Amino acid sequence: MNEQSARPAFVGVAVSHASDPVAAADDAAAAIDISETCFILAFIPDHLVSPEFAEALEARLGGVPIFGCTTAGQISGRGYETDALVLLAFPKRHFRCASMLVTPLQPLSIKTIAADARRHSEKFLRTHGWNRLALLMVDGLAKQEDVLVSTLETVLGDIPVFGGSAADGLSFSQTFVLHGGQFHTDAALLLILETDLAFTGLGFDHFLPSDQQLVVTEALPEDRLVLEINGAPAAPEYARLIGREVDALTPEVFAENPLLVRQNMAYHVRAIHAVQESDALSFLSAIDDGLLMTLGRGKEILETLEAGLSVTGPEGERPDFILGFDCVLRRLEIEQKGLKDAVSDIFRRHRVLGFNTYGEQHCGVHVNQTFVGVAFFGPGRKLLP
8 MNEQSARPAF VGVAVSHASD PVAAADDAAA AIDISETCFI LAFIPDHLVS
58 PEFAEALEAR LGGVPIFGCT TAGQISGRGY ETDALVLLAF PKRHFRCASM
108 LVTPLQPLSI KTIAADARRH SEKFLRTHGW NRLALLMVDG LAKQEDVLVS
158 TLETVLGDIP VFGGSAADGL SFSQTFVLHG GQFHTDAALL LILETDLAFT
208 GLGFDHFLPS DQQLVVTEAL PEDRLVLEIN GAPAAPEYAR LIGREVDALT
258 PEVFAENPLL VRQNMAYHVR AIHAVQESDA LSFLSAIDDG LLMTLGRGKE
308 ILETLEAGLS VTGPEGERPD FILGFDCVLR RLEIEQKGLK DAVSDIFRRH
358 RVLGFNTYGE QHCGVHVNQT FVGVAFFGPG RKLLP
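With positions in the sequence shown counted from 1, the corresponding number in my numbering is that position plus 7.
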């Protein structure tokens, strides 16, 4: 194994492919050195969700805090996984952590969340010379990520927020975060981390805006539903614009033909989830009447992935590992094009670990069809831009 794909030095990785919840917990936990571990992130396939799994994981890991969520796929040291339990063990010598469970999300009180997050950050005493970041894992079906991440980014000040929306494969039925030995729905998990490692944030997609623009002329924002585009029923109009029939609109077609919104001088994907009754389109992020959108056209996905992950540290070194939040719609497109093995190889070489999401959070914005991540390097006081 070459140096670039060797096991990371600053995070432990444990994987189980067992289908039985208790067996999976036992199998993965056995590979963790709890005496050296500050906390654990768990990326969990939805078939393992049960009280028995949560209890077994807590029992096997001897009081080490475990945080996580259900996923639409995992990224282990081998690349893309489908039904694997992935545990990441963050060592005490390089990390400290404070957690906050946000629930309920529906309704979401911005005032309460802001006050609680600010108090949570202030109570977490700073370690001299260490840097801070925040990780957010949130119920991917509660439809509250847009407001939540913008609020947190504002109140946390100089602490950057990175995250992903919990998923349940492609079921879009019920998603969970794991906190305090229990699974929670209609909830989000905020982790504030301190580390003596240098790190930098990543966020990229593989789309460019085309010349084809459209406008939302009727929507139900609270439900993320678009009823009309350009004054016509939404699904037929979208299908017309991309040269397809309505009955041919699938997640794979949506992934290849995204709609982009310009915000803060950049374009972000507003991903379509499905065709609903009365030819409405449901979206995975915020939508509103009068929103101007642009049809996206794809760039070469392998080249953009390689370029996006090719970051360097203070001394020009490659990352020790990259914690990644990768949209499930990216994965669907990759698999449809037969590129899963090639992408897994890129992930291995860049030491990417993480999960496939229903949406990503970066720079105070909830986005779709994007890779968001944090690249960690060796110890050093310098916080990279």
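For glycine and all other residues, C-beta sits at the position ideal for the given N, C-alpha and C. Note that the structure is predicted; figures quoted are calculated from it, not measured.
*Just confirm the distance between the C-beta atoms of I41 and A21, as a whole number of angstroms; I'd bet it's less than 8 Å.*
With 8 Å as the limit, I41 and A21 do not qualify as a contact, their Cβ atoms being about 11 Å apart.
*Would you say S172 and T377 are within 8 Å of each other, going by their C-beta atoms?*
no
*Expressed to the nearest angstrom, what Euclidean distance is found between the alpha-carbon atoms of F383 and P216?*
31 Å
_Chain-order list of residues whose beta-carbon lies under 6 Å from that of R125 (same chain, five-residue window excluded)_ = V162
*Beta-carbon proximity of D146 to T192, cut-off 8 Å*: yes
*Can A205 and G385 be called in contact, C-beta distance under 8 Å?*
yes
_Just to confirm my understanding: we take V233, look at its own chain, exclude 5 residues before and 5 after, and list those with CB closer than 6 Å. What are they?_
V223, A226, A241, L288 and I294
*Out of Q220, Y87 and E152, state which residue places its alpha-carbon closest to the alpha-carbon of P111.*
E152
*Pair within 8 Å by beta-carbon distance, E313 and I249*: no
_Limits of the unbroken alpha helix (DSSP H) element including R358_ = Taken as a continuous stretch (DSSP letters only), R358 belongs to no alpha helix (DSSP H), as it is neither H nor E.
*Who are the Cβ neighbours of L221 in its own chain at under 6 Å, not counting the five residues just before and after it?*
I236, N237 and M300
*Check whether the Cβ atoms of V168 and L177 sit closer than 8 Å, and answer yes or no.*
no
*Tell whether a beta-carbon distance below 8 Å holds between L115 and V156.*
no
_Under 8 Å: do the stretch 365-375 and the stretch 300-310 share three or more Cβ pairs, one atom per stretch?_
no
*Should I199 go down as buried or exposed, given a rule of 16 or more other Cβ atoms within 10 Å for buried?*
buried
_If contacts are defined as beta-carbon pairs under 8 Å, then V109 and L48 qualify, I think. What distance do you get, rounded to the angstrom?_
Contact flag wrong, Cβ pair sits at about 17 Å.
_Proximity of E259 and L339 at Cβ, strictly below 8 Å_ = yes
*State buried or exposed for A37, treating a residue as buried only when at least 16 other CB atoms are found within 10 Å of its CB.*
exposed
*Does at least one heavy atom of the ligand MN sit under 7 Å from the Cβ of R67?*
Ligands displayed in this structure: none; no statement on the ligand MN is therefore possible.
*Anyone know if the C-beta pair for A281 and S292 falls short of 8 Å?*
no
*asked:* Among the candidates V350, A96 and Q181, whose CA atom is the shortest distance from the CA of L148?
replied: Q181
_Exposed unless 16 or more other CB atoms sit within 10 angstroms - verdict on E10_ = Summary for E10: the model assigns pLDDT 42, below 50, so the residue's position carries little reliability, and this model does not support an answer.
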